[in-house]
Amino acid sequence: MKHKHFTPKFLSCLGLGLLFTFGCSKEELTPSESLSASTSQEAASNASNSARLSSNHYIIIASGEKLPADIADKAKSANGTVTALLDEVGIASATSDDPSFAAKASKIAGVKSVVRDFTFQGFDPEAEKVVEIDATYGNPPKSGDNDTYFDLQWGHDAINAPEAWNAGYRGKGVRVAVLDSGFDLDHRDLAPNIDLAASKNFVPGEKLSYALTGVGSHGTHTAGTIGAADNGLGIIGVAPESKLILVKVLRDSGSGSFSWMLEGILHAVSQGADVINMSLGAGIPRNGKYLDDNGTPDNPADDFVVSDTKATQELIVAISKVTAYAAKQGVTIIAAAGNDGIDGNKDRNLVQMPADAPHVISISATSPRGWALNPLTANLDFLATYSNYGTSEIDFAAPGGDTAYPGNEIAKIGPVTQYVYVFDLVFSTGSNLNPATSSYYWSAGTSMAAPHAAGVAALIVGKNGGQMDPAKVEAALRASADDLGKPGRDPQYGHGRVNAYRAVAPAN
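Here the sequence shown stands for residues 451 to 958, where the numbers follow our numbering.
Structure representation (structure tokens):
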């Protein structure tokens with residue numbers, strides 16, 4: 451398999467209007483109906499917002515390494531119900547309709563603190579627009595970059611993934627956990643690599659599989675970027691021979707809680723994950739002023755402001771205990787830096803979690819601007835306009851896409867005709883709207899950047915031949931990253947944009 455660069459035969463430019471939709475046929479996709487040009491980046495603009503306090507869900511933190519063995523009984527006596535016990539790290543989740551539960555439970559021997567859980571909106575599902583494609587249309591399997599829609603995956607060229615595959619590194623034997631919303635378990639690009647027995651749902655009232663129709667699946671999109679199979683259909687993941695552990699910690703509507711995330715991390719560890727990807731998170735106010743969700747996490751209209759500085763401190767403690775445990779077990783954790791365009795060097799109002807937690811590698815997003823006009827020479831490494839940044843906040847950058855290109859031209863890449871700015875987004879697997887087809891769509895965000903980095907981490911672990919100290923994985927990422935921006939670590943790109951080939955090249 452040789453690395454294929456784009457040639458003029460794949461590219462033709464046309465001058466048409468601004469509106470587009472993701473239409474499809476077996477041979478060509480064209481902009482055939484109307485869709486607001488701003489919609490594609492709504493996923494980015496909504497993907498990282500401030501967390502809200504949950505009114506009836508709590509996190510219990512032990513004063514030592516373990517909670518009391520009878521914590522469930524003790525919580526019950528305080529009018530609460532333990533819903534999850536994270537015994538490895540001395541944390542439990544509980545529910546209670548008693549406003550005094552936290553005060554009562556905090557008095558239990560062996561308990562350090564009891565704080566309310568946090569809810570957050572991970573993304574806007576209405577912004578996840580779908581391209582439905584007949585998955586039977588493809589090229590010969592095991593051809594790598596000959597997968598039908600590989601031509602749309604500029605991010606793989608940006609990080610030199612095909613060169614890594616050509617060198618023999620494809621993530622074989624590596625287990626990557628994807629903590630996200632629901633997944634299309636039958637998607638033909640994902641199903642061959644899913645470890646269904648190890649996958650799990652932590653969202654009450656929902657299933658692991660994605661249930662919404664008419665919109666794309668955020669979890670399926672991120673999973674595809676990491677580990678879509680090299681099967682001659684659709685796209686290919688950065689680590690196409692890795693195994694995917696799918697862990698649902700967000701509702702299909704995009705909302706979730708930090709307690710579900712903590713449970714998901716520990717589950718991934720228990721299932722032998724080598725890498726965890728979290729394209730999710732929220733800003734935690736340092737001053738402790740929060741919106742209370744008033745018991746309705748999906749309805750912000752009835753939220754009200756409360757002040758709880760302790761909640762910030764203790765949530766960080768809880769997350770840090772879990773990430774430290776995962777790292778000690780040999781798991782590399784990758785997380786999206788957030789999509790609020792915040793300069794962390796100047797704006798210190800929020801702590802981005804889990805991206806800012808210890809032992810978590812935080813990823814900013816890069817993008818071209820008008821890539822489809824000249825795929826051979828386009829700059830693929832502009833910092834995305836929405837991406838958070840900051841010297842201490844960003845570890846590395848990776849392709850996340852953007853809609854910053856201002857023109858209205860239409861271009862053709864491979865079998866796809868679309869507006870130029872659409873091609874600057876990240877193309878990956880979508881939800882399965884029809885049993886006979888598998889779908890794909892474009893999206894943008896640090897949610898799309900993180901899985902590129904997670905895929906590179908998987909290639910590094912694969913080269914190592916098995917479980918690897920996360921510190922050594924990060925060191926390999928640092929040694930191989932392309933140093934963009936100012937020399938050395940900088941606020942926009944951290945240590946640089948990840949480079950898959952350099953990460954596994956003989957010198958590394």
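Glycine included, each C-beta is placed from N, C-alpha and C at the ideal position.
Quick one: what's got a C-beta closer than 7 Å to residue i's C-beta in the same chain, skipping five residues either side?
i, result
"Lys739", "Val755, Ser757"
"Gln917", "Asp724, Gly780"
"Val810", "Thr773, Ile783, Ala785, Pro804"
"Gly714", "Leu629, Phe652, Val697, Val699"
"Asp743", "Arg502, Leu503, Ser504, Ser505, Thr569, Asp753"
"Glu515", "Gly540"
"Thr586", "Annotation note: pLDDT 40 at Thr586 (below 50); position unreliable, coordinate value reported separately. So no residue of the chain qualifies."
"Ser770", "Ala807, Pro808"
"Asp919", "Gly780"
"Tyr619", "Leu909, Gly912, Lys913, Val954"
"Gly605", "Pro849, Val876, His902"
"Lys592", "Low confidence applies to Lys592: its pLDDT is 36, below 50, so where it sits in the model is not reliable enough to give any reading."
"Thr746", "Asp752"
"Gly915", "none"
Is the beta carbon of residue i less than 7 Å from the beta carbon of residue j?
i, j, result
"Ala929", "Ala614", "no"
"Asp634", "Ser842", "no"
"Asp601", "Gly864", "yes"
"Phe573", "Gly704", "yes"
"Ala931", "Gly912", "no"
"Gly840", "Gly788", "no"
"Ala894", "Leu875", "yes"
"Ile509", "Ser709", "yes"
"Asp845", "Ser812", "yes"
"His902", "Ile644", "no"
"Asp520", "Ser631", "no"
"Ile848", "Val948", "According to the sequence shown, residue 848 is Ala rather than Ile. The answer is yes: Cβ separation under 7 Å."
"Ala926", "Ala953", "yes"
"Gly938", "Thr896", "no"
"His671", "Ser878", "yes"
"Ala410", "Asn749", "Residue 410 lies beyond the residue range present for the chain, which begins at 451 and ends at 958; the question has no answer from this structure."
"Phe873", "Ala822", "yes"
For residue i, which residues of its own chain have a beta-carbon under 6 Å away from its beta-carbon, when the five flanking residues on both sides are left out?
i, result
"Ile792", "Asn838"
"Gly820", "Tyr855, Val870"
"Ser692", "Gly621, Val624, Val626, Gly677, Ala908"
"Asp428", "Outside the modelled stretch of the chain, which goes from 451 to 958, sits residue 428, for which no answer is possible."
"Glu477", "Only weak support is given to the placement of Glu477: the predicted model assigns it a pLDDT of 34, under 50, and the question is left unresolved by the model."
"Ala611", "Val688, Ala950"
"Met711", "Val699"
"Pro518", "Gly560"
"Lys428", "With the chain covering only 451 through 958, there is no way to say anything about residue 428."
"Gly707", "Checking the displayed sequence, the identity of residue 707 turns out to be Ser instead of Gly. Hits under 6 Å: Asp567, Thr569."
"Ala534", "Ser543, Glu713"
"Ala648", "Ile695, Gln721"
According to DSSP, which residues form a beta bridge with residue i?
i, result
"Leu741", "Arg502, Val755"
"Thr879", "Tyr890"
"Thr531", "Thr545"
"Gly938", "Paired residue(s): none; Gly938 is not in a bridge."
"Asn651", "Lys698"
"Gly733", "Ser500, Gln802"
"Gly944", "Asp940"
"Gln571", "Ser705"
"Asp793", "Tyr839"
"Asn643", "In DSSP, Asn643 forms no bridge with anything."
"Arg620", "Arg620 is not bridged to any residue."
"Val954", "None, per the DSSP bridge assignment."
"Ile397", "The requested residue 397 does not occur in the structure, where the chain is confined to residues 451 to 958."
Give every residue of the same chain whose Cβ lies closer than 8 Å to the Cβ of residue i, excluding the five residues on either side of it in the sequence, and list them in chain order.
i, result
"Ile734", "Ser500, Ala501, Phe568, Thr762, Leu765, Ile766, Leu800, Val801, Gln802, Met803"
"Val775", "It should be noted that the sequence gives Tyr, not Val, for residue 775. Glu538, Val539, Leu716, Val719, listed in sequence order."
"Leu760", "Sequence inspection shows Lys at residue 760; the Leu mentioned does not correspond to that position. Once the five neighbours on either side are set aside, the close Cβ partners of Lys760 are Ser563, Val565, Gly738."
Using 6 Å as the cut-off, classify the Cβ of residue i as near or not near the heavy atoms of the ligand NAP, replying yes or no.
i, result
"Val697", "As far as ligands go, the structure on display features none, and thus does not contain the ligand NAP."
Quiz item: Quick one: any contact between the stretch 908–926 and the stretch 774–783, if contact means 3 or more CB pairs under 8 Å?
Solution: yes
Self-check item: Given 8 Å, three or more beta-carbon pairs between the stretch 689–703 and the stretch 888–896
Solution: no
Self-check item: beta strand (DSSP E) segments (min. 3 residues) lying fully within the stretch 662–709
Solution: 693–698, 705–707
Exercise. For the stretch 624–640 and the stretch 679–692, state whether three or more C-beta atom pairs, one from each stretch, are separated by less than 8 Å.
Key: yes
Quiz item: With contact counted as at least three CB pairs below 8 Å, one residue from each stretch, are the stretch 821–836 and the stretch 932–952 in contact?
Solution: yes
Quiz item: Is the stretch 542–562 touching the stretch 510–528 in the sense that three or more CB pairs, one from each, lie closer than 8 Å?
Solution: yes
Exercise. Give, in chain order, every unbroken run of the alpha helix (DSSP H) that is at least 4 residues long and sits entirely within the stretch 899–940.
Key: 920–930
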